[in-house]
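Have a look at the structure below, then the notes.
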Amino acid sequence: MLAVALLAGGCSTGPDLDTLATGSVTPRAYAREPVPKGIAPDDWAAARTALAEALHDKDAAPSVPWENYASATRGTVTPLGETRDGGKCREFLMSFVHEAREDWLQGEACHAGKSGWKVDQARLLDRS
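Per the working numbering, the sequence shown starts with residue 74, numbered consecutively.
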C-alpha cells in the first residue's frame, strides 16, 4: 500500500527535469551585472547563460547557440580570444536575431573566481 501511495503521490525515479535551464531566470551572479543598453533583460539572461558555457572550456565549440522562446529571439555567442592580461579576460561577440533584424554585441568578460565570468564591457555595434 505504501508503494502505491508513493507512486500516486508524484515521486519519480526518472530524470530530474526541474534542473533544465530555460533562460527565463537570471542566475544570481549575473543579476548584479547591468543589462547592456538596447538588449531586453530576458534576452540578455539567455545569451549570458550561453556566454558562461562558451567561456567555460577553451576547447569547446567555437560558438554556442542560445534562444529565448518567450521573445522569439535567438543568437550565438562566440569567444574571440584572450586579452593581454594572461588569460584572465576574454573578448566575445554575441548575435541577437529577432524576426528580420540582427544585432551584434561585442564585449569582454573576466574570470571572477568561483563566481565564473563577469562581463566588464559590452556594447551594441553600430549598423553600417
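Glycine included, every Cβ here is placed at the ideal spot set by N, Cα and C.
Check: residue i C-beta below 7 Å from any heavy atom of the ligand FAD
i      : result
LEU197 : Although the ligand FAD was asked about, the structure shown includes no ligands whatsoever.
Range of the contiguous alpha helix (DSSP H) that encloses residue i
i      : result
GLU126 : 114 to 129
Nonlocal neighbours in the same chain, by C-beta distance under 6 Å from residue i, ignoring five residues either side
i      : result
SER136 : THR149, THR151
ALA185 : LYS191
ASP130 : none
ARG200 : none
PRO138 : THR149
HIS171 : THR146
Run of the beta strand (DSSP E) containing residue i, from where it starts to where it stops
i      : result
PRO204 : The requested residue 204 does not occur in the structure, where the chain is confined to residues 74 to 201.
ALA195 : 190 to 197
SER168 : 162 to 171
PRO135 : Careful: PRO135 lies outside any beta strand (DSSP E) and carries neither H nor E.
ARG200 : ARG200 -> no beta strand (DSSP E), and no H or E assigned at all.
Where residue i falls, given that 16 or more other Cβ within 10 Å makes a residue buried
i      : result
LEU153 : exposed
ARG20  : Nothing about residue 20 can be read from this structure; the chain reaches only from 74 to 201.
LEU198 : exposed
ALA173 : exposed
Cβ-based neighbour list, residue i, same chain, cut-off 7 Å, excluding 5 preceding and 5 following
i      : result
GLU140 : ALA119, ARG147
VAL108 : PRO114, TRP117
C-beta contact flag for residue i and residue j at 8 Å
i      : j      : result
GLY189 : ALA127 : no
ILE112 : PHE169 : yes
ALA143 : ASP115 : yes
ASP193 : CYS183 : yes
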